[in-house]
């Protein structure tokens, strides 16, 4: 059996270790095309993507700062600075947004899982192109102010912020558990 499958090499790269170059527009289109191939009951494509790079990262930094202050008016200045720094840690952020569609056949949970599969495909495609990436959430992903500023409507949810760039560090292969520890055969 061939254990050298490239997909086994994928691992999260800390956002602060991601630098330019990020995927260019053509590479980003390819990454998103792979994301659009995620399993999708009913072919609803119940998700969308928002790409943030360049000066838009500074705008998102201010949004994160304001959201943090709204959640905690007495926020520690060091924590506030950390929150504001998040969008500046990598050259490209892809926000994956679940956009459930009313359907009598496809439950909302399946649509949210489809958005998660699309997010995972972003990670896999970025890796296949030689980029590092990490999928992060946190309080800002669930914050109503952040969602409103990014243009989400009330039915939409942020699945994650995917930070993408060129990794500045090499990682040793990550340990992957034995399949037998997570698999049984039902008889």
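Numbering (my numbering), first residue to last: -3 to 183. Ideal Cβ positions, reconstructed from N, Cα and C, are used throughout, including at glycine. These numbers were taken from a predicted model, which means no experiment stands behind them.
#1: State yes or no: is the C-beta of residue 139 within less than 9 Å of the C-beta of residue 67?
#2: Should residue 2 go down as buried or exposed, given a rule of 16 or more other Cβ atoms within 10 Å for buried?
#3: By alpha-carbon positions, which one of 175, 167 and 32 ends up nearest to residue 13?
#4: Tell me where the alpha helix (DSSP H) around residue 165 begins and ends.
#5: Count the C-beta pairs between the region 86 to 93 and the region 149 to 169 that are closer than 8 Å, then say yes if the count reaches three, no if not.
#6: Hey, quick one: how far does the alpha helix (DSSP H) through residue 75 stretch, first residue to last?
#7: Are residue 5 and residue 113 close, meaning C-beta to C-beta below 9 Å?
#8: Taking residue 138 as part of the beta strand (DSSP E), name the residues at either end of that continuous run.
#9: Buried or exposed: which applies to residue 101, given that a residue is buried once 16 or more other Cβ atoms fall within 10 Å of its Cβ?
#10: Exposed or buried, which one is residue 170 when buried takes at least 16 other CB atoms within 10 Å?
#11: Compute the Euclidean distance between the alpha carbons of residue 110 and residue 33, then round it to the nearest angstrom.
#12: How would you write the range of the beta strand (DSSP E) that residue 94 sits in, first residue to last?
#13: Across which residues does DSSP place residue 157 in a beta bridge pair?
#14: Find out if the Cβ-Cβ distance for the pair residue 8, residue 24 is shorter than 9 Å.
#15: Just to confirm before moving on: does the CB-CB distance between residue 10 and residue 87 stay below 9 Å?
#16: For residue 137, which residues in the same chain have their Cβ closer than 7 Å to its Cβ, ignoring the five residues on either side in sequence?
#17: In the structure shown, what three-state DSSP assignment does residue 6 receive?
#18: Let me confirm a value: residue 50 is counted as buried when at least 16 other C-beta atoms fall within 10 Å, else exposed. Which label applies?
Looking at the atomic coordinates:
#1: Remark: C-beta atoms of residue 139 and residue 67 approach each other more closely than 9 Å.
#2: Result: exposed.
#3: Closest option to residue 13, judged by alpha-carbon separation, among 175, 167 and 32: 167.
#4: According to the DSSP assignment, residue 165 belongs to no alpha helix (DSSP H), since it is labelled neither H nor E.
#5: Yes, the region 86 to 93 touches the region 149 to 169.
#6: Looking at the DSSP string, the run of the alpha helix (DSSP H) that includes residue 75 is 73 to 81.
#7: Residue 5 is not a Cβ neighbour of residue 113, given a cutoff of 9 Å.
#8: Looking at the DSSP string, residue 138 is not in any beta strand (DSSP E), and its letter there is neither H nor E.
#9: Residue 101 comes out exposed.
#10: Around the Cβ of residue 170, a 10 Å sphere holds fewer than 16 other Cβ atoms; the residue is exposed.
#11: Taking the straight line joining both Cα atoms gives about 10 Å.
#12: Secondary structure note for residue 94: its beta strand (DSSP E) is the uninterrupted segment 88 to 94.
#13: Beta-bridge partners assigned by DSSP to residue 157: 91 and 132.
#14: Not closer than 9 Å, so no.
#15: If you check the CB distance, residue 10 and residue 87 do not come in under 9 Å.
#16: Hits under 7 Å: 154, 156 and 157.
#17: Reduced to three states, the DSSP call for residue 6 is coil.
#18: Looking at its Cβ environment, which holds fewer than 16 other Cβ atoms inside 10 Å, residue 50 is exposed.
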